[in-house]
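Input: a single structure, listed below in C-alpha cells.
Protein chains in written order, with the UniProt record's numbering: chain A, 1 to 242; chain B, 1 to 242.
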C-alpha cells in the first residue's frame, strides 16, 4: 500500500524447504516465494512475535479461497492457539463445507490488517497509510475432534474478548454440531508493516501542503446492555478493559 | 459471522442475466448465485445506496485473486467513482501485472468490512459481531488511459481524505508511469449487515452473564506533522473534519 521501491529482499529457501513447527521455538517463519513481497520487501517481517502480536490484536480476518476457479474473500472471525488459527462459521457456509470430509482440505489465504494512520505527503504520489498486516497461506481443515472443537470455540470467543468464554453458557451438543470450525496451521506466514511519516521528495519539501500522519485506531464505546438483559448485571471487568 | 439461520432468500435470476449499468439509475444490483449468501440471507442487501455508503466509508479493501491455483488476499487502497472501483498499486505488484496487457483481465473478489460492535450473548454460541461488509466479484482491468488514470488517482486520494487531492502536488509523468491502477466495475455486488443486540435463546435469558453490544469504531487522533514539514502549515479543514 505504498510506492516505496524495494530496498532489500530476504533469502528465499529452495522449494520444499519446510517451515518450522511450533516445537523447539524457532523465532521466525521461513520466507517462501509467495511470502516475500514483490515490492516494499523491507516492510516484511517473519518473526513469530511480530506475527502473533498482529494476529492477536484483531479478531476479523479476510478469508480467501477459490470457488469454481474464481476468488472469494469473506470476513470471518478467528482465534489463535499457538501456531494455529481457528476460523469460525456455520456448517452450511461454502468454504467450511469445502474444507470438510473427505478431507483434502481447502487452499486458503487468511489476511489480517490493522490500519494505524493516514500518511499525507506533499505529493499525491507519496500518500500512503501506516498499517500492520499478516498474510497466511495454507490448507484449512475442518475440526472434527469434539475436544479440539470446544477448545477452538473458547479460543475464538476469548480472542474477541479475553475472559469471556468462562462467562457465558458453553455450547451444547446441538450448537456444537451446527458450528463448523476450520484450522489453519501457521507455516507460510508473513507480516508487513509500514510506520512513520511521509517519504517526500527533497524538492517537494517546501510546498505549502500539510504533510504528516493522521493516526487512527479502533475505539470501543459505552457497552449497551441487551433489552433482554433481565436483572441488572454489572459490566464485567473484561468489557471495561476494552 | 454469526449463527442465525436464514429466514428468507432473494430471488436469483437465471444465469446470464446482466447486472444493471449505472445509467438509468436502477436502484439495486441484481443478485447472482454467488452474491446470495448460503446463510443469514436476511442480512444481505443489494441496493446501491447501502452498498455505496459502505464502500465510501472505507478506503482499505481486501483484494482476492488466484495465483498458481491458490487464493491470495492483500490489503489494498481503493476509491469509488460511480459504479466503478479503482484499486491502487505499483506496476511491479503481482495482481496488477496479472491484470495488465494483453488484457483478459484478472478475476478478483474485493471485500470491504466495517466492524461496528461486539455482540455478547448469554450463550457462547450466539456471540457475534455487528458489521457491514460489501463483496464485489468481477474482472479487474489495468487503467491505461492517462486521463482516466489521473482521475482515478485523485479519486483514490480523495476517498481516503476528501479534498486532499487538490491540496497536494499532482503526479508527474514518471510517477504516473510507476503507479498502476486497476478498475473493477460494480456489477456483481452485495452488502451484508448485522445490527442490534444478541439473539439469545429464551431459556438463557435468566443466566447471570452480561449480554449486549460493545460498540467499536475507528477514531482519528491528533495529526502529527512531518519532521520535514518546513514552515508551519496550519492543519487543513479536511484533516480536522476526520
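A virtual CB, placed ideally from N, CA and C, is assigned to each residue, including glycine.
Note that this is a predicted model, so its numbers are computed, not measured.
The shortest C-alpha to C-alpha distance from residue 188 of chain A to any of A:109, A:131 and A:80 is the one to A:109.
Scanning the region 110-186 of chain A for uninterrupted beta strand (DSSP E) segments of 3 residues or longer gives 128-142 and 179-185, listed from N- to C-terminal end.
Nearest to residue 51 of chain A by C-alpha distance, out of A:38, A:76, A:30 and A:39, is A:30.
Around the C-beta of residue 167 of chain A, 16 or more other C-beta atoms lie within 10 Å, and the residue is accordingly described as buried. With fewer than 16 neighbouring CB atoms inside 10 Å of its own CB, residue 177 of chain A falls in the exposed class. For residue 53 of chain B, the enclosing alpha helix (DSSP H) starts and ends at 48-57. Judged by DSSP secondary structure, residue 214 of chain A falls within the beta strand (DSSP E) whose first and last residues are 212-220. Residue 214 of chain A sits close to residue 223 of chain B, with the two beta carbons spaced by under 8 Å. Between the alpha carbons of residue 211 of chain A and residue 28 of chain A lies a distance of about 35 Å. For residue 49 of chain A, there are no neighbours in chain B by C-beta distance under 7 Å, as the nearest C-beta there is about 21 Å away. Within the region 196-217 of chain B, the residues whose Cβ lies closer than 8 Å to any Cβ of chain A are, in chain order, 197, 198, 200, 204, 205, 206, 207, 208, 209, 210, 211, 212, 213, 214, 215, 216 and 217. The C-beta of residue 221 of chain A comes closer than 8 Å to at least one C-beta of chain B.
Note that the C-beta distance between residue 194 of chain A and residue 131 of chain A is below 8 Å. Looking from the CA of residue 68 of chain B, the closest CA among A:196, A:142, A:242 and A:33 belongs to A:33. A contact is defined here as three or more CB-CB pairs under 8 Å, and the region 78-88 of chain B meets this definition with respect to the region 156-165 of chain B. For residue 238 of chain B, the enclosing alpha helix (DSSP H) starts and ends at 237-241.
Taking CB atoms only, residue 113 of chain A has a neighbour in chain B less than 8 Å away. Rounded to the nearest whole angstrom, the C-alpha separation of residue 124 of chain A and residue 165 of chain B is 7 Å. Listed in chain order, the positions of the region 37-63 of chain B with a beta carbon within less than 7 Å of a beta carbon of chain A are 38, 39, 60 and 62. Taking 8 Å as the upper bound for CB-CB distance, residue 112 of chain A and residue 135 of chain B are not in contact here, some 18 Å apart. In this chain, the beta strand (DSSP E) harbouring residue 71 of chain B covers 70-81. Under the DSSP definition of a beta bridge, residue 108 of chain B partners with B:65 and B:138. Between residue 140 of chain A and residue 105 of chain A, the gap from beta carbon to beta carbon is short of 8 Å. Taking the Cα of residue 35 of chain B as reference, the smallest distance to any Cα among B:207, B:196 and B:192 is reached at B:192. Any Cβ of chain A closer than 8 Å to the Cβ of residue 182 of chain B would place that residue at the interface, and such an atom is absent. Cβ-Cβ separation between residue 121 of chain B and residue 198 of chain B: approximately 4 Å, consistent with a contact (criterion under 8 Å). In the DSSP assignment, residue 190 of chain B falls within the beta strand (DSSP E) that extends over 188-194. As DSSP reads the structure, residue 41 of chain B sits in no beta bridge. When the alpha-carbon of residue 234 of chain A is set against those of B:57, B:208 and B:150, the nearest one is in B:208.
Listed along chain B, no residue sits closer than 9 Å to residue 145 of chain A by beta-carbon distance, the nearest being about 18 Å off. The C-beta distance from residue 216 of chain A to residue 118 of chain A rounds to 7 Å, short enough to meet the 8 Å contact threshold. The DSSP-derived three-state label of residue 203 of chain A is helix. Residue 186 of chain A has its alpha-carbon roughly 21 Å from the corresponding atom of residue 147 of chain A. With contacts defined as CB atoms closer than 8 Å, residue 40 of chain B and residue 200 of chain A fail to qualify as a contacting pair.
For residue 193 of chain A, the closest Cβ of chain B is not nearer than 8 Å.
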